[in-house]
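Engineer: I have a structure here, written as structure tokens, and I will follow up with some questions on it.
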Ligand code: GTP
Ligand code: MG
């Protein structure tokens with residue numbers, strides 16, 4: 006699939022105010038600074054579509070993007086950012102968890118993991134939370150350009166060895182680089198397949 010058309014629809018902090026159009030929707034979630042917004046821009050071939058920053062905590066709201074006028078990509082705030090107040094964290098948790106629990110249009114989440122890092126408790130907790138609430142998700146390893154190509158498989162194996170301690174079945178995974186474009190076809194192809202299967206049913 007090629008993204009021929011991508012437009013920003015709206016930002017908000019309440020799931021009830023999200024678009025009413027009932028289009029299939031895919032959401033990007035993960036630690037602050039993992040590269041959620043950058044990956045959206047890479048998939049859409051548009052540098053400034055989603056706002057990015059080298060400083061964590063850039064995305065603060067639920068952001069909807071309409072893709073090819075047929076489905077939504079959603080950019081969410083990151084978690085695990087130490088420099089926000091406790092009150093802010095609670096507000097964030099509430100509207101992000103509300104989004105996952107109440108947004109009927111959400112087909113699948115993409116949980117982004119920086120390929121350079123060891124499994125972090127905050128991510129493992131989030132996997133667990135998604136699993137407990139039966140929210141389908143895939144893992145997207147980001148920033149693959151930052152490690153030697155030969156070490157990619159080793160990093161993934163290392164990550165999945167940790168996940169296997171808690172999970173019987175492992176989710177699908179993708180390896181991406183927002184700066185080099187890796188993983189674009191695979192991710193968009195995966196979304197396309199799901200969108201096609203929804204249409205058929
Ligand atoms: P929050 O909105 O704060 O939660 O962050 P985010 O997950 O949206 O991250 P964002 O896309 O803003 O990227 C954070 C930083 O990582 C920016 O400086 C990006 O340029 C950089 N970055 C993101 N993806 C990649 C990548 O694939 N490769 C490299 N080298 N840098 C990346
Ligand atoms: Mg962001």
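Residue numbers (our numbering): 6 to 206. Beta carbons are placed, not taken as given, at the ideal position from N, Cα and C, and that holds for glycine. Bear in mind that the values here come from a model prediction, so they are computed numbers and not experimental data.
#1: For residue 9, which residues from the same chain have a beta carbon less than 7 Å from its beta carbon, with the 5 sequence-adjacent residues on both sides left out?
#2: What are the start and end residues of each continuous beta strand (DSSP E) run of 3 or more residues lying completely inside the region 66 to 92, in chain order?
#3: May I ask you to list the residues that DSSP assigns as paired with residue 119?
#4: Compare the beta carbon distance of residue 135 and residue 35 with 7 Å and say whether it is the shorter of the two.
#5: Compute the distance between the beta-carbons of residue 149 and residue 44, then report whether it is under 7 Å.
#6: What three-state label does DSSP hand residue 200 in the structure shown?
#7: Opposite residue 17 in the DSSP bridges: which residues?
#8: In three-state terms, what does DSSP make of residue 157?
#9: Could you check whether the region 115 to 132 touches the region 143 to 161, counting it as contact only if at least three pairs of C-beta atoms, one from each stretch, sit closer than 8 Å?
#10: So, helix, strand or coil for residue 113, using DSSP?
#11: I'd like to check one pair, residue 70 with residue 11: are the Cβ atoms closer than 7 Å?
#12: Between which two residues does the alpha helix (DSSP H) holding residue 127 run?
#13: Roughly how many angstroms separate the alpha carbons of residue 170 and residue 130, rounded to a whole number?
#14: Can you tell me whether residue 96 is helix, strand or coil according to DSSP?
#15: How far does the alpha helix (DSSP H) with residue 45 in it reach, from first residue to last?
Structural biologist: Based on what the coordinates show:
#1: The residue you call residue 9 lines up with position 4 of the chain shown. Contacts found: 73.
#2: 67 to 72 and 76 to 80
#3: What you label residue 119 is simply residue 114 of the chain shown in a count that begins at 1. Answer is 147, bridged to residue 119.
#4: By one-based count along the chain shown, residue 135 stands at place 130. By one-based count along the chain shown, residue 35 stands at place 30. No, the pair does not count as a contact, with Cβ atoms beyond the cut-off.
#5: Within the chain shown, the letter at position 144 stands for residue 149. Within the chain shown, the letter at position 39 stands for residue 44. No.
#6: Here residue 200 is taken as the residue at index 195 of the chain shown, counted from 1. Note: residue 200 maps to helix in three-state DSSP.
#7: Position 12 of the chain shown, counting from 1, holds the residue named residue 17. Paired residue(s): 67.
#8: Start at 1 with the first residue of the chain shown, and residue 157 comes out as number 152. The answer is helix: DSSP assigns residue 157 an H, G or I state.
#9: yes
#10: For the purposes of this step, residue 113 is identified with residue 108 of the chain shown, where counting begins at 1. Three-state result, residue 113: strand.
#11: One-based indexing of the chain shown puts residue 11 at position 6. One-based indexing of the chain shown puts residue 70 at position 65. Contact flag set, yes.
#12: Counting from one through the chain shown, the residue named residue 127 turns up at place 122. 126 to 137 is the span of the alpha helix (DSSP H), which, as asked, contains residue 127.
#13: Residue 170 sits at position 165 when you count from the first residue of the chain shown. Residue 130 sits at position 125 when you count from the first residue of the chain shown. Residue 170 and residue 130: Cα-Cα distance of roughly 13 Å.
#14: As a first step, residue 96 is located in the chain shown; it is residue number 91 there, counting from the start. Correct three-state label for residue 96: helix.
#15: Against the chain shown, residue 45 aligns to sequence position 40. Segment 41 to 49, the alpha helix (DSSP H) holding residue 45.
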